[in-house]
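The block underneath contains the structure these notes are about, expressed in structure tokens.
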Amino acid sequence: MISLQPPWTTVFHGERVNLTCNGFHFYAPEKIKWYRWYSGKQHPSETPGNTLEVRDSGQYGCQAPGSLPSRPVRLLFSTASFILQAPHSVFEGDELVLRCRKRGKEKLTAVRYFWNRKVISDSNKSLDLLISQARLNNSGCYQCIGSLENKHVLRTSLTNIRIQELFSHPKLKVTDSQPTEGNSVNLSCKTQLPLERPDVRLRFVFFRDHGVILSNWSASPELQVTAIWREDSGSYWCGAVTSGIHKRSLPLQIDVQRIPVSGVFLETKPQGDPVLEGEILVLVCSVAEGTGNTTFSWHREDTRESLGQKSQRSQRAELEIPVIREGHTGGYYCTADNGYGIIQSEAVNVSVRSTPGKRRGLVAAGTTGGTFGVLLAVALLFYCWHQRKLGDGSLGDTTRRPLTPDPGVSFHPMCPAPVELQQLYSNVHPKERDLVYSEVQIIQPGEEGEGNTFRTSLEDQNASIVYSEVKTQLQDDSTGKVSSKDEDIMENHKGVLLM
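Position 102, counted from 1, in the sequence shown is what our numbering calls 103; the numbers after and before it change by one each time, with no gaps.
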């Protein structure tokens, strides 16, 4: 690239312009080759440095050893008395300065600038036209008209000025315009800087349709979407900016493909059959294939009752039953749907059994209750015996004979009278099959002859009956009822006589 000092491409004849050959990134070469083209002829030259002073019109170029030739620069050493000066190279975003110059000592009092034959500036204070930030649409034909003190008007020739593009419109590229859901996609914003401006720093941004910003402004021209989904389908574009120059690419359509769910499978944790009551049961629903947001649902097979539902971007989901009970026994299945229809799994049977500790607890409780009942019966027996002992001691020898109440005198035993077992059973809940009632009859022995007839005259004897409840665990048959064998055992032990 060649730079000029002064920066104008048109100067008066007899003036000098210094050309500098730039663009060496690593070192300044000792010798530079120069080329001048004029009237169809090439005139080469060589300088020990990278600067060349010129006084003649023509196109100039330079080349350093091992590098490509530069773009040529056209210089005009004009013999006119009034010229319009413009810089050699103007890029969009640059400051554009145009200057009207008159040869000689007579000064201009006012100038007027035209752009494509339209007046764009009329001033008597400044001879320059300043465009602070040039745009591509500032390109065109410029002309200057100047006024002298004697009212004489001067007009320059038309000068064509082209504003160069600082960087090309970016183009968005994508690794896959029809990606599958869940896959990654790389977006690239491609543009190019001119050789004259290799140090320009661009910043990039990426958009989706409806103005959704996918990234902040960054020096990187690439963006990676780690996982793209069907709702991300749409038009994408990118933008590049520097020094107030902003450009965007044409939109690019991306259509994300979704795979329908298939191979729905239900499993349980912990695995195995049966499951112990009180454990945590986890129902795991998974799919062999399927992408995107999937709705999982769990159901009981017998009632079709929904146990729960989850929607997530995953190929598996879990439903936890915190405490499993015998009532949870049965078949279970799950369904999955990602927008293409509900797919159901095979049913999985879950059976639940009671823990051994619970059954042992029931037996222990029954044993404890039975022991307590026996102890209570013994205590009552001892109490009644002790009371009778006290009574017999006060009567002397008559205590060996059974007590017979005098006619007309009612006798009330100190211990409770016998109670029909039927009355006790009537207060028992019919579903409680673990209660066995024992009857203890306490008979005061009399004379030898009376002992043989106590069963027939039991009501006339001084007897006491104590009932004890013994809670036991009876084994049920398959129908949940007490077996006939157990009923016989209960019947045979219904009355226990203690002498």
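Heads up, the beta-carbon is just placed ideally off N, CA and C, and yes, glycines get one too. All figures in this text were calculated on a predicted structure; none of them were measured in a lab.
Straight-line measurement puts the Cα of Glu93 at about 9 angstroms from the Cα of Asn138.
With respect to the 8 angstroms criterion, Val262 and Trp230 are not classified as neighbours on the basis of their beta carbons.
Excluding five sequence positions before and after Asp210, the CB atoms of its chain that fall closer than 8 angstroms to its own CB belong to Gly235, Ser236, Tyr237 and Pro252, given in chain order. Distance between Pro199 and Asn51, taken at the CA atoms: about 19 angstroms. Tyr143: member of the beta strand (DSSP E) spanning Gly141 to Leu149, first to last residue. Closest in alpha carbon position to His247, among Leu284, His329, Glu278 and Thr192, is Thr192.
Burial of Lys103 is indicated by the presence of at least 16 other C-beta atoms within 10 angstroms of its C-beta. Less than 8 angstroms divides the Cβ of Val276 from the Cβ of Val353. Comparing alpha carbon positions, the residue from Ile33, Glu347, Asp303 and Gln86 closest to Leu128 is Gln86.
Minimum Cα-Cα distance from Gly342 among the listed residues Leu282, Asp274, Ile260 and Ala348 corresponds to Ile260.
For Pro45, the uninterrupted beta strand (DSSP E) segment begins and ends at Lys42 to Thr48.
Shown here for Ile164: same chain residues with a beta carbon closer than 6 angstroms to its own, the five before and five after excluded, namely Val91, Glu93, Ala135, Leu137, Asn139 and Ser140 in chain order. Around the beta carbon of His44, fewer than 16 other beta carbons lie within 10 angstroms, which makes this residue exposed. CA-CA distance, Leu224 to Asn339, rounds to 28 angstroms. One alpha carbon belongs to Cys145, the other to Asp123, and they sit about 10 angstroms apart.
At the C-beta level, Leu377 and Tyr334 stay beyond 8 angstroms of one another.
When secondary structure is reduced to three states using DSSP, His300 falls in the strand class.
Apart from sequence neighbours up to five positions away, no residue of its chain approaches Glu16 with a beta-carbon distance below 6 angstroms. Counting only runs of 3 or more residues that sit fully inside the region 64–139, the beta strand (DSSP E) segments are 74–79, 83–86, 97–103, 109–116, 119–124 and 129–132, in chain order. For Ile325, there is no enclosing beta strand (DSSP E), since its DSSP letter is neither H nor E. Rounded to whole angstroms, Arg37 and Lys119 show a C-alpha spacing of 36 angstroms. Residue environment analysis places Val213 among the exposed positions, since fewer than 16 neighbouring C-beta atoms fall within 10 angstroms of its C-beta. Residue nearest to Trp299 within the set Ser244, Pro271 and Ile344 is Ile344 (criterion: CA-CA distance). Rounded to whole angstroms, the Cβ separation of Pro70 and Gly59 is 15 angstroms, and the two are not in contact under 8 angstroms. Under the DSSP assignment, Arg156 falls in the beta strand (DSSP E) whose first and last residues are Val154 to Arg156. For Asp338, the pairing in a beta bridge is given by DSSP as Thr296. Arg163 carries a coil assignment under DSSP once its states are collapsed to helix, strand and coil. Bridge pairing for Val285: Glu268 and Glu319 [DSSP].
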